Every structure is written in C-alpha cells, then in structure tokens.
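Participant:
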Amino acid sequence: MMGFVINIVQMLLLVLAAPLLRGIISKLKAWIQKRQGASVWRPYANLWKLFHKEELVPNTATLIFRSAPVVAFAATVVAAAFLPVLHPAAFLTLDGDIFLFVYLLAIGRFAMSLGALDGGSSFGGMGSSREALVAALAEAPLFLVLTALAILARTGSLSEIAAWTIRQNFFDVSTVHLLALAALAIVAVAETGRIPVDNPTTHLELTMIHEAMVLEYSGPSLALIEWSQAIKLNLLATLMIGLFAPWGMSLTVTPLGLAAALGTYALKLACLVIGLAVVESSVAKLRMYAVPDFLRVASALAILAVIFTAITKR
Amino acid sequence: MIGLLLILFLSSLLFLAVFAGLAGQGRWTRAFVPGFLICSLLLGLGIAGSCFLNGRTINLDYSGHLPFALGLSMDRLSGFFLLLICGLGIPVALFSASYAEHYTRANWKWYWSLVALFILSMVLVVVASTIFAFMVGWELMTLLSAGLILIEGDGEDRRRSLFLYLVMMHAGAAAVFASFLLFVPYAPALTLAAMRAAAGSLPAHLRVVIFLLSFAGFGMKAGLVPLHFWLPKAHGIAPSPVSALMSAVMLKIAIYGFIRLTFDILGTPQIWWGYLIVVVGIVTAVLGILYALAEHTLKRLLAYSSVENIGLIFVALGLALIFEARGLPILAALSLTAALFHTLNHALFKGLLFLGAGAVKHTTGTLDIEELGGLLPRLPGIGISFLIGCAAIAGLPLLNGFVSEWLIFKSLLHGSVLEPDPAVPLLIGAVALTSALACACFVKLYGITFLGRPRSDAAKYVVAAPENMNLALVMIAAACILFGVHPGVALHPLSVLAGTMIPNPTSPPEIASISRMMPLVAAAIALLVIVVLLLRKPASRSVNTWACGLPGLTGRMQYTATSFSKPLRSVFAAVYRPERKMDLEPPDEPYFPVNISYRSVRTTSFEKTLYRPIVDGVVAVARQLRRLHTGNIQTYLLYIFLVILSLLVVLRFA
Amino acid sequence: MKGNAANQWGPESGRNEALPLDADRRFTGRLVSIFGDNTGGTTILHYLVDLPGAGYGDFEYVVAGPVRSMTPVAPAASWHEREVHEQYGVEFIGHPHLRPLMRHSRFDSGLPSNGSTQEMEESQFLRVQGEGVCEIPVGPVHAGIIEPGHFRFSVVGDTVLHLQLRLFYTHKGTEKLFEGRVATDAVPIAESVSGDNCFAHAVAYCQAVEGVHQAIVPPKANAIRLIGLELERLLAHIGDLGALCGDVGFAVPAAYCARIKEDLLQASAKIVGTRYWRGVAVPGGVRHEIGSADGRELKESIRIAVEDFVGIAEQALRTPSLEDRFEGAGILAPNRAADLAVVGPVARACGIALDVRRDHPYGAYKNLNFDVPTWHYGDVMARARIRMMEVHASARLLLDYLEALPAGPIWLPLPAISTGRAFAAVEAPRGELVYWLRVEEGKIARCHVRSPSFQNWPALPFAVTGNIIADFPLINKSFNLSYSGCDR
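Listed in order, the protein sequences are those of chains X, R and A.
For the first sequence, position 89 (counting from the first letter as 1) is numbered 85 according to the working numbering, and the numbering increases by one without interruption.
For the second sequence, position 581 (counting from the first letter as 1) is numbered 1199 according to the working numbering, and the numbering increases by one without interruption.
For the third sequence, position 296 (counting from the first letter as 1) is numbered 666 according to the working numbering, and the numbering increases by one without interruption.
(1) Show which residues of chain A have a CB atom less than 8 Å away from the CB atom of residue 1175 (chain R).
(2) By Cβ distance, which residues of its chain are closer than 6 Å to residue 1171 (chain R), with the 5 residues on each side in sequence left out?
(3) Could you tell me the boundaries of the alpha helix (DSSP H) in which residue 173 (chain X) lies?
(4) Relative to chain X, which residues along the segment 626 to 650 of chain A have a C-beta separation below 8 Å, given in chain order?
(5) With DSSP run on the structure shown, which of helix, strand or coil describes residue 790 (chain A)?
(6) Who does residue 697 (chain A) pair with in a DSSP beta bridge?
(7) For residue 501 (chain A), return the contacting residues in chain B, with the cut-off set at a CB-CB distance below 7 Å.
(8) With C-beta atoms as the reference, is residue 433 (chain A) less than 8 Å away from residue 413 (chain A)?
(9) What is the rounded straight-line gap between the Cα of residue 766 (chain R) and the Cα of residue 724 (chain R)?
(10) Excluding the five sequence neighbours on either side, which residues of its own chain have a C-beta within less than 6 Å of the C-beta of residue 1028 (chain R), listed in chain order?
(11) Check each candidate in X:273, X:217, X:298 and X:263 and name the one with the smallest Cα separation from residue 60 (chain X).
(12) Considering only their Cβ atoms, is the gap separating residue 68 (chain X) from residue 123 (chain X) smaller than 8 Å?
(13) Quickly, what does DSSP pair residue 677 (chain R) with across the bridge? List them, please.
(14) Can you look up residue 499 (chain A) in the DSSP assignment and give me helix, strand or coil?
(15) When DSSP labels each residue in this structure, what does residue 748 (chain R) get in the three-state scheme?
(16) Give me the Cα-Cα distance between residue 1 (chain X) and residue 1132 (chain R), rounded to the nearest whole angstrom.
(17) Taking only three categories from DSSP, how would you classify residue 455 (chain A)?
(18) CB-CB under 7 Å to residue 711 (chain A), same chain, minus the five flanking residues each way: which ones, in chain order?
(19) Would you please verify whether the beta carbon of residue 944 (chain R) is less than 8 Å from any beta carbon of chain X?
(20) Taking its Cβ as the centre, do 16 or more other Cβ atoms sit within 10 Å of residue 567 (chain R), making it buried, or is it exposed?
(21) Looking at the strands, I want to know which residues DSSP matches up with residue 426 (chain A).
(22) Does DSSP classify residue 1104 (chain R) as helix, strand or coil?
(23) Rounded to whole angstroms, what's the CA-CA distance from residue 1192 (chain R) to residue 897 (chain R)? Just pull it up for me.
(24) Taking CB distances under 8 Å as the criterion, tell me whether residue 477 (chain A) reaches chain R.
(25) Residues in the same chain with beta-carbon distance under 7 Å from residue 82 (chain X), minus the five sequence neighbours each way, listed in chain order, please.
(26) By the 10 Å Cβ neighbour count, where 16 or more other Cβ atoms means buried, how is residue 927 (chain R) classified, buried or exposed?
(27) Please identify the residue among A:421, A:755, A:390 and A:442 whose C-alpha is closest to the C-alpha of residue 680 (chain A).
(28) Please classify residue 3 (chain X): does DSSP put it in a helix, a strand, or coil?
(29) Look at the alpha carbon of residue 516 (chain A) and the alpha carbon of residue 288 (chain X), and state the distance between them as a whole number of angstroms.
(30) Just reading off the alpha helix (DSSP H) that residue 506 (chain A) is part of, what are its end residues?
(31) Just reading off the alpha helix (DSSP H) that residue 1037 (chain R) is part of, what are its end residues?
(32) Which bits of chain A does residue 284 (chain X) rub up against, with CB to CB less than 8 Å?
(33) Run through chain R and tell me which residues come within less than 7 Å of residue 510 (chain A), C-beta to C-beta.
(34) Whose Cβ in chain R lies nearer than 7 Å to the Cβ of residue 525 (chain A)?
(35) Buried or exposed: residue 964 (chain R), going by 16 or more other Cβ atoms within 10 Å of its Cβ?
(36) Name the chain X residues that come within less than 8 Å of residue 603 (chain A), Cβ to Cβ?
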C-alpha cells in the first residue's frame, strides 16, 4: 500500500516539478551569461497566466487542433507512470515497457505534428516536417540504448533495469553503459528540442523546430504544450538517472530511505541540469542538415553499445 | 453440419457472381447484390469464427466423385484467414455499394461478379485441402484481381503495369507449384494431410529446396523486396475497394500459404531459414516505408506501406523459425502470434486506409496529396476513421498496430537476450527506424490530405461522402480501437492457433501481460483527457491563421507533401537517387527571371539498377505476346479456363 | 569619361551630359545612384557614378519622354529606376520589372482596381512552377523585434528555390520632408533616417550642407566627427557579431556583446550626452566638445570594451560548431556583388575593396593612410571576419585619436552662400552613404539619400537562394541591412 502511494507520489513529482526544472535551467544559463535571469518559479507563473488567457484558434483548424495538446499531455503524463524515481518500482510496470514508454512519447509527437499541420500555415508544416526528421532518426538509437541495457539486465522493464543496476557495483561501469549513456544524452537533447538541435528560446520562425509547430497555439492549449514539453525533459533526465545511476534509490519503503532517495535524485538531476546548461551555453545550434549527422553519432554509439553487450555476455 | 454451411457459403458466392452478371439492374438488384454478398460473408464469418475460436475442423473430400482432387478442410489457421477475408469483405462490400454506383451498367455487372469470384477464389485457397484446389484458387485470385483492375480503364500504362503484375504472379505461382510438386515422390497424394505426413521423410536437401521455392513464390505474392515492384503498380491502379481487398487480404493469403507450408507441413526448420527471412523482411520493411515516404499519390503510398508491413510480418515469422529451430517453443509461439496479429492488424488498417483513399477519390476526384488539404471538416466521418487508421499503422498505443509491433519488439528482445550474436538487437534499431519513419509518413499523409486549407478546387468543393462509405470505415476503425485497447480478445485465440503450429508450447507470458496493460493505459489516458477537458477554459475565439501581417494565406502557402518529406529524403538520398533541376526563363538572366520551374525526378536506386533491365525485358516479351494480350475480360476468362485445364492435365499425370 | 554620344543611351539628345559608358553601354564606373530632380517643371535624372581614378561623377539627363533603362546592362540600376518611375513618372524602356517599389497596392485605394488587394499584392510575386513547391510568406510582422519587411520564399522542403523581397513598409517620404526646410536646421531629419547609423547620416548631411556653403570645418570638429563615426562602426559591428552568435543559439557571446555594446553606449552618453551621438553634428562643426579628460575616459572605456569583445568574439569564431554554421552559408558570388554594385562590409567580404574613407576621403580621414581589408568566399563567416577586422582597425584609430585630440574651435559659422548643389559620401557602418542636396535661398529644394542598405538589399536573395531556409535569418543578419534606411 505504501509502495502504491510512493509510486503515485513519484509520478506526480515528475509532472509537477517539471516546470521548476525548466526554470532552473534558464536561471543557470542566465548566470553563465552574467545575467540575473528570471526567477526559477517563472515557468509556473507562465503556465498560470496561459491557463487563464483566452485561446485563439485559427479558422482552418478542426477538432484536431485543440485535442492534440490534451492528448499529448495525457500520453506524456501516463509515460511518467512507468519511470522509477525514488525506488526501483513504478506505478505501471510491464516486462517490455521500455518500448511502451517510447511509444507513449510518440503519441504526443504524432498529435502535435498533426495539430501543427491543422493550423494551415507554412510554419506549422515546416516545424512538423523537421520534428519528423529528428524523431525518425532519434527513435532507432533510443530503442538500441534501451535494448542494450535490457540485454544486460535481462529484462525489458524500466523498473527492473533500475533494480538490476542498483545491485551492480558502481565501479564496474561497463563500456556498454558509457556508450549507451552518450547515445542517450544525444537523443535526449534532440527529443526535448534543446541546443544544439533546436533552440527553445529563439524568435526566428524559420529556424524553429518545436516552436514552429506550436506557433499557432495560445492560451490554455499552449500551456498544456509547454507543460508537456517540460515533463518530457524531466522524463528523459529521470530516465537517464534511472538507467545509468539509480544508486541512492530506496530499496525499502521507509521515510528515511525515501528522503535520502529524494535528496540523491535531486542531486543527480542537478548534475544533469548543470551539464545541459553548460553545453547549451558553449555550442552553437547545429545547421538543420547537420542534425542527422549528430543523430547518426548517437546511432553509432548505440550500435556499439549493443555490440559490446554481446562481448560482455561471453 | 458446418461442412455443409461451408459448401453453402461457397455456392452462395458463386450464385452471386452469376446473378450479378445476369440480373437486370433495377434499384432492387442494386441493393440486393451487396446485401446478399454481406449476408453470405456473415455466414463465412460465422464458419471462420467457429473454426478459429472453437477449434472446429472441417474435412470434405470430393476427390472420389470428381475427375480431379478437390478437397476442402478447415482448421484454426484457415479459420483465422477466412475470418480476415470475410471480416474485410463485409466493409468492402458495403463501401462498394456506393463506390460502384458511378460505373456503367456493364462495368457494374462485371465489378460485382468479379468481386464475388475474387473473394471466392481467396476463400478457396485457405480452405483447400488439396494442392489442386489450392492452385486453382491461387491462379484465379491473380486473374480475377487483374480483371477487376481492368474495370477502371485499360490505357497503355495500366496494361503495362497489369502485364508486369501477371508475369510476376505467374512466376510466383510457378515457384509455389514447383515446391508442392517436389513432394510427389514422397507423398501418396498432393493433399495437405498427405504432405504433412510425408514431410518427415523428405531428404534434407529437398526440404531446403522446397523452403526456398515456397519463400520465393509466396514472397513474390506478398511483395518482399526485391520482388515488390509490381505491388504499388497493381495496387495503385485497382478500384479502391479492390485495392483494399488486394492489400489487406490477398497479400495475407500469401502469408497463409507460407505459414501453412513452412510451419504446418514442413516443420522442424533450420536456423538459417529464419535468418534469411528476417533479413529479407527487415530490408523490405525499411525500403518499403522509405519509398512510401517519398510518394505523394495516396494509393501508391499505401501500397508501399503494405510492402513495409509485409516485411515486418516476415521478420516475426523468421524469428519464429529461429526460435523453433533453437528449441524455444514458447518464444516461437510468441513470434508467430506477433506475426499473425500483425497480419490481422494490417488487414484492418490497410483496408481502412484504402477504402478511405477510395472515398477521397470518390468525393474529390483526385488521389494526388499535393492537390488535397482541409478534407477533415468536409468529410468528418471519413476523416476521423482515416485518422484512426493512420495512427494505428504508425503504431501508436491504444490502437492495434502498437500491440503487434510491441510483440515483435518483445520477440526481438528475447532473441537479443538469448542470441550471442549482436545482429538480433540491431534489428530492434531497424524496426524502430521503420516504425518512426512510418509515423512521419502517416503524419504527412494525414496532415497534408485532411488538415490545413485546400490546395485546389477539387479539395475545396467536395461532394459529401455516402453513408455506406462512412459506415464501412467506422466499422473497421472500431475494430482497430477494440484490438488496441483490449488486445486480449484477439491475442488469446491467436496464441492458441500459434500453439497448434508449434509443438508443445505454453502460452507466452507476454500475451497476458500486454492484454492486461493496454486497458489500464487506455483508462489512464482517457481519465486524464477527461480531467483536462473538464478543467480547461472552453471559450476560444476563431481568428485567421497568422499570416505575418499579410492580408491572408492562400492554399499554396502551406507545406506540401514533397516539402514535408524533403528533409528525410535528403538523409536517405542514397535510396532515392534524386535528380533535381531548376530552369530559369530566360536562361541567361539570373536577375530578372520571368519564370522559374523546378523539377525533381525520383527514381529509386532499385529501379535504376535492378528493375529497369527486368522491366525492359518484360516489355520486350510483352511485345511478342501482344497477340495474346488483348486486355479483354472475356479473353482473360478464357485464359483462366486454359490454366485450369492445364493444371488438370498436370495433376492427372503427376 | 568616354565620349559616347548621349543619343546612344537615351532617345533624347541635346544638352545632356554623356554618361560614362563603354562600348557595350555598360557603366565604366560603379553605379552609386540614379535619382530624379524637378526644376521648373522639367524632370532631370541624375546618374551618380563612381569612376575609377576620377572620383564621383554626377551626370544629368533631362527627361523628355521615355528613357532607355540601364537595368538590362546594369542590374544595380533596377531599384533606382523603379523609384524614379514611381516618384517622377519616368518611363524606362527595357526595364524588365517596372513595378512600383515603394507604394504598396493597399495604399492605392483611390485607383481603379481589377481585383482584391490581396490578388494585386500576390501578382507581384513570381510563382515558381513545379510539383510540391510551396511558398512561405514571412513578415512584414515578425516574431522578434525586427523592422518590417516581407520575404516570400519558394521552397521545396528546406531548400530555398527563390526569394523575393517586399520592402518599403517604413517608407516615410523622408526626402520630401527635407524639402522646404532651412538647410542648416534639418540635421534631425537626417538623423532619423536610420536610427543606429544616425551619426553617419548626420555627418553626411552636414558635409553636403557644408559643400553647398563651401564651408571649412575646424580640425577639432573633424576629429570629433571621426571619433563618432568610428565609435558608431564599433558599436554596429559589436552588435552585429553578437547578434550573429545569437542567431545560431550561441547565447553567451550574444549576451557579452550586448553588454559591451551597452557599456560603450553609456560611455557615449556620459561624454556627449546622447547614446548614439544624436544631436552632436551640426553644419560647420560639432556641438559637443570632448576635453582631454573626457577623451581619456572614453579611450579607457573603448580599450576595455574592445579587449573584452575581442576575447569573446575570437573565441566564439573559433568554436567549431559556430564555424560550421558560418562557413559556406549565404555565399554571395563576387560577380553578383559587382553587378549589383553592393557596398560596405558585404562588398569587402566578397573581395571588392571599397571604402569611402580611402577612395574619397573626407574630414579627418584626408590625413590618414588607409588599408581596406577584404575577405574572400563572401559567406557569413567572411562577413563576420570583415567586421572583426574593422573592429580592430576602428579601435586603433579611436585610441590614436583620443590620445592626441587637436586643439581649436569645434564649430565655425558657415559662409553666407545659400544656393547651390552638393553631395557628400560617408562610410557608414553598412557602407557608402550618399547625400545629394540642392539648396535654393537657404531652403532645401531636393535632398536625395542613398543609404547603403538600399544598394545591398537586392543582393540578399542571391546569397540566400540554394541555401536552406533555416539559415536565412543568419544570412540576413550577416548582411544586417537597415529597413528604415532603405525605405526612407
């Protein structure tokens, strides 16, 4: 029963803390640029504002336009139910949920791509075409990374993989893990639309990927989209933690253990976030046609990771 | 009793074919023919269901009473495929009732007559217990579909495509027939049961030859790369309901044949068979979807996507063979279940999409995506069902496509854990790439066709879709949702079926786990959607799409299908070998051009290096055979008769 | 000047000056501007040409009927002729696109119209034929804080097949505003033509007025003008390089450049009272004294700013990810640049060594020895590099000048000559800026402003075509043209 409550709490944590993560990243980036930056709570204020604004809908739009953000949001939240955060178990678990998790995120992408095309402007089409490019090339390495870890742990469930990894010694980090981590980092950057793949803060319509897709959205729908996007970032960060550094997760459901788990989780998240802020500050965005090359690197790393699993097994 | 019903079912189809050909064409006939077809298909559905679900078997042998070996039998496997034929046949018949209305009197008769016979021929293949009956059905299936293609005109292009189709199909049939004939010295009679009994005594090299011949023959019919190039040509030009039957059902008959021969009759495969199939399957899947991505004609795109899905089914079949050869019956059963479920799913959503394409053609008059746009508000019923089809084929959870893809992934993952060879896990990457490209492809297809604003008058002034069409599509869409949200309905009987093909497995645990998980996920998503909808501010104002301050946007100011797929096409340029050309007018005036035109020729590399010589050869042969090739349906019926006659002769002396 | 008879370039002969044309009827020099003037009911065309070795030449042509268009042989003449056509109704024979340039159809409500405004607007855009070609209309209102301009891209996917510009949304009739004003009082109008280059505009205008009055400007005033002009160049280039980094999502250098630019603006405000040196230049001199203490302070600010800037910018330009974005993007072929007579850093990045400060020195530049740095390739990186080099050069000049400012008055009254014509050219941050002025009785009768942006805009599409559309903002930024300066 307690475990059940914890599973719900950790899922809510992923959903509710997501905007804060975004706020912290922008704060860090501002500091690196020697700016003061907005408050870390700013994303919440922004969501609050958007939820209370009037929504404008383009006249070509059909019901798909307004349902897309809702579907995307729901699918993303349900995907959060599969992730272990505080202890190596999740609200929903399935042997093979690594595939279901990725496909749940794909629902959001599919819906938003159609929503963008429904707006009837070229920007929407441009954004969704570019999103299709990134997604199509990011999916294979993502699957391969998950497969490599699933082979090592001999299970296809995210929670079980985390549980298996905890039992391993931290210093026994295998080549597979390093390669897979590198590949997953690239994929996560691409999937969440961060620099160098996409620039979430740009105002230049023609260079946008995700922002071009949502150009026609306003008010509550935009709030849902922004929130989903923040959750997605949080999910991929937590996925990386869960798969590669789950140590610190509480194996027993005790208040003390959980508090420690929360602390270590926050610490690990902070490391990831700092890494992201530093990377985003030190490179330029890739040329659109160089994005496939970037993702090919991820594929190559993921393929190597898979090949190394075969070597480890022998 | 049930055997009699089967005979009744077959004869009712035969009766309908004759009736539609002879009867007058009053209102009554026009309603009666589709109605009767649906009723007899319902009968077939009942028979199929009782065989597939309850495991009843039928065994009828008329060889003694006839000059040739005609025998009918049904088990779970034939029951399943009969279920597909009848299940898809019903919406197709319903759809055709409206679709065929614009035909001339003569074409209407031919259409219904041939459709009934076409369905009959497919049924014959799956219920045949003798090779004679099987091959008769197999040949008729090809020729009748060819006849149906000719109903919508017989221009030079169509004839060429059709001839290619016939040549390929006959080559395939020859391979299939040859693989059956190799049983002759060992089996007392060419019946399925006799062959099954003889399979054990076949020498090893002969088994290999039989397997390879059947793989080539059935693979050709199914459209495996590199033998797929006839498929988009034939499926692209058939009347849409017939395309639906061809893509959704006829291709599956090839799968039936392959499963029947390899799993049921031959048994005990070698491990490299599986690898061969998996490799061919994955190449087919990736190339198929890449070709589909570059297409902007609705039906050709869908046809290429069929190639992709057939590839996926063969990947699963190959895995089943690998596992069986390795002595892992549970996993083999899992893979086979995945293959069968994907067969069912593909039949559903591809049938839905082809019928949807037919509805688009019927209401707008064009199949070119670049001319469409904004159809959803004009055709809401078609639009929503089509969306479900697209989401299902893209493999999104809560729809049936996801479940079978998940099962394939899961089989591959098992394979990865068990195999020391890293090739198997890499297949996961390839399947993931395929599925992501499919997602992009169907976003393009749906978004450009149904959303945004119309790109031409054809798309702007649309006639309403007839209720029959809406109903046909909604029926299939509902099935897609049912099998997606509650896959257990189909998975449990399918795993039982898989169990009959593979010796002593227990039901794989995945069947139960995914059947439990999907309703849960569906409920969670539905709950969240409802909560958000209830909480969200409902009021919204309709405004012009943001035009950057311009007076307004035109249909031209939207992304086209070509533009949408351009980034991905440039990534995979090696597959397409595009040739682009910009022409300026006047040519030496870069500063003030009067006209600029852009041309991009997409010939696939396969086409350049492999097909061109073959096609040129075929066309050369076609020239020689032109005297035979009249394009006249009567002549084709004569051919059918001749083929049957020659089969008879062969079997008598075999 | 070659002695081609006038009737070879225009249907009318008579008292017209022969244009400097070669045997192929091409200009023997670089076309600077073509504009019209109206005196006593007759329209006179002025052809300003920069002749190699001979300086600027102003060739007049009295219009009495249709005029042969120079556009077919000199594409650079196209916009000028369209402008004259619109302003003076002059027909140019052989012009391939003699459509209105500044007036947008929706303003012509009084005219009989055959269709809706949208159709009329649309008709001016070339429709690229071909399957799957779509148009992306961008602007005039943009997502960012950018001046208004409409860009019509014809694309297949991300590849730009064709780009057409629709500018002049900020056309304010500035040249008309000058007319009737007292020449010595109209500096504020010149300052408002292009906000971030207001000092260059002010100086060019003042020099034109001084030319009419045949005035002598005191050395100290010239020195202060030089400081202002070079500081303006410094500011513009620092801002541009920062914005270029910002456009490729490289936020740190962008933020640093913005900070450095702001520091310099505040230093300016402290020394001369305005951030952009608005109100500093007046005909006859300048209004603000820069004392030695001020000079040292300004020098120190500039030294620190430039040091900071060079550190961050050099590092940024060496970042591989940035190099990858800048190199090879938006290449302007040298022959296109020459045909369209582009000026300023854009020309210099294509290897065309043009600089008014060296070619036609004015003010304090007369005493200087000038090196015009050029770069090749003509891509975004070349334009960034040119700006980098010019930052170095301007900083050196500024530091030298602020070290030892000449003594003396900063303003001298103008001689009382109140009728005449003159033109003046200044090297503004964006390139050659020309003011042509005709004053009657102390009042302005005609003032023509040829901003560098007007000259460079038509070249932009040629740098963009064939690139991917996602690179357009970057290429556009590397040109960094002024809309207001072009539209006037």
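Think of the CB as a built atom: it goes at the ideal place given N, C-alpha and C, for glycine as much as any other residue.
Here the structure is a predicted model, which means the values were calculated and not measured.
Facilitator: Answer, in terms of the structure:
(1) Taking the first residue of the second sequence as 1, we reach residue 1175 (chain R) at position 557. Correct list: 504, 505, 506 and 507.
(2) Here the question's residue 1171 (chain R) lines up with position 553 in the second sequence. These residues qualify, in order along the chain: 1163 and 1165.
(3) Within the first sequence, the letter at position 177 stands for residue 173 (chain X). Secondary structure note for residue 173 (chain X): its alpha helix (DSSP H) is the uninterrupted segment 171 to 187.
(4) 626 and 629
(5) Here residue 790 (chain A) is taken as the residue at index 420 of the third sequence, counted from 1. Residue state, collapsed to three classes: strand.
(6) Counted from its first residue, the third sequence places residue 697 (chain A) at position 327. DSSP lists no partner for residue 697 (chain A).
(7) Structure shown: chain B not included; protein chains present are X, R and A.
(8) Locating residue 433 (chain A) in the third sequence gives position 63, counting from the first residue. Locating residue 413 (chain A) in the third sequence gives position 43, counting from the first residue. Cβ distance < 8 Å, so residue 433 (chain A) and residue 413 (chain A) count as in contact.
(9) Counting from 1 along the second sequence, the entry for residue 766 (chain R) is found at position 148. Counting from 1 along the second sequence, the entry for residue 724 (chain R) is found at position 106. Between residue 766 (chain R) and residue 724 (chain R), the C-alpha separation is close to 13 Å.
(10) Within the second sequence, residue 1028 (chain R) is the residue found at index 410, counting from 1. Around residue 1028 (chain R): 1128.
(11) Within the first sequence, numbered from 1, the residue matching residue 60 (chain X) stands at position 64. The residue with the shortest Cα to Cα distance from residue 60 (chain X) is X:217.
(12) Position 127 of the first sequence, counting from 1, holds the residue named residue 123 (chain X). Position 72 of the first sequence, counting from 1, holds the residue named residue 68 (chain X). Their beta carbons are not under 8 Å apart, which means residue 123 (chain X) does not touch residue 68 (chain X) by this criterion.
(13) One-based indexing of the second sequence puts residue 677 (chain R) at position 59. Note: residue 677 (chain R) sits in a beta bridge opposite R:691.
(14) Indexing the third sequence from 1 puts residue 499 (chain A) at position 129. Note: residue 499 (chain A) maps to strand in three-state DSSP.
(15) One-based indexing of the second sequence puts residue 748 (chain R) at position 130. Strand.
(16) Locating residue 1 (chain X) in the first sequence gives position 5, counting from the first residue. Locating residue 1132 (chain R) in the second sequence gives position 514, counting from the first residue. Spanning the two alpha carbons is a distance of roughly 24 Å.
(17) In the third sequence, residue 455 (chain A) corresponds to position 85, counting from 1. Annotated three-state conformation of residue 455 (chain A) is helix, per DSSP.
(18) Looking up residue 711 (chain A) in the third sequence gives position 341. Only 400, 401, 446 and 825 meet the Cβ criterion.
(19) For the purposes of this step, residue 944 (chain R) is taken as the residue at position 326 of the second sequence. Closer than 8 Å: no.
(20) With chain R running from 619 to 1272 in the structure shown, residue 567 (chain R) is simply not present.
(21) The count along the third sequence starts at 1 and reaches residue 426 (chain A) at position 56. Residue 426 (chain A) pairs with A:420.
(22) Along the second sequence, one-based indexing puts residue 1104 (chain R) at 486. Coil, per DSSP.
(23) Position 574 of the second sequence, counted from the start, is the residue given in the question as residue 1192 (chain R). Position 279 of the second sequence, counted from the start, is the residue given in the question as residue 897 (chain R). C-alpha separation (whole angstroms): 20 Å.
(24) The count along the third sequence starts at 1 and reaches residue 477 (chain A) at position 107. Any reading at residue 477 (chain A) is ruled out, since the residue's pLDDT is 49, under 50, leaving its predicted position unreliable.
(25) If you number the first sequence from 1, residue 82 (chain X) lands on position 86. Here the set comprises 2, 6, 245, 246, 254, 257, 258 and 261.
(26) Numbered from its first residue, the second sequence carries residue 927 (chain R) at position 309. So residue 927 (chain R) ends up on the buried side.
(27) The residue labelled residue 680 (chain A) in the question sits at position 310 within the third sequence. Among A:421, A:755, A:390 and A:442, the Cα nearest to that of residue 680 (chain A) belongs to A:755.
(28) As a working mapping, residue 3 (chain X) is identified with position 7 in the first sequence. Here residue 3 (chain X) sits in helix by DSSP.
(29) Indexing the third sequence from 1 puts residue 516 (chain A) at position 146. Indexing the first sequence from 1 puts residue 288 (chain X) at position 292. Those two C-alpha atoms are separated by around 31 Å.
(30) For the purposes of this step, residue 506 (chain A) is taken as residue 136 along the third sequence, with counting starting at 1. Following the DSSP letters along the chain, one finds residue 506 (chain A) in no alpha helix (DSSP H) but inside the beta strand (DSSP E) bounded by residues 504 to 508.
(31) In the second sequence, residue 1037 (chain R) corresponds to position 419, counting from 1. Counting along the chain, residue 1037 (chain R) falls outside any alpha helix (DSSP H), and DSSP gives it neither H nor E.
(32) On the first sequence, position 288 is the one that residue 284 (chain X) refers to. The answer, in chain order, is 528, 838, 840 and 841.
(33) Along the third sequence, one-based indexing puts residue 510 (chain A) at 140. Ordered by position in chain R, the residues that pass the 7 Å Cβ test against residue 510 (chain A) are 1166 and 1167.
(34) For the purposes of this step, residue 525 (chain A) is taken as the residue at position 155 of the third sequence. Those within 7 Å of residue 525 (chain A) in chain R are 1181.
(35) Reading the second sequence from its first residue, position 346 is the one you call residue 964 (chain R). So residue 964 (chain R) ends up on the buried side.
(36) Taking the third sequence and counting its residues from 1, the one referred to as residue 603 (chain A) is at position 233. Those do not exist, as residue 603 (chain A) stays about 25 Å from chain X at its closest Cβ, beyond 8 Å.
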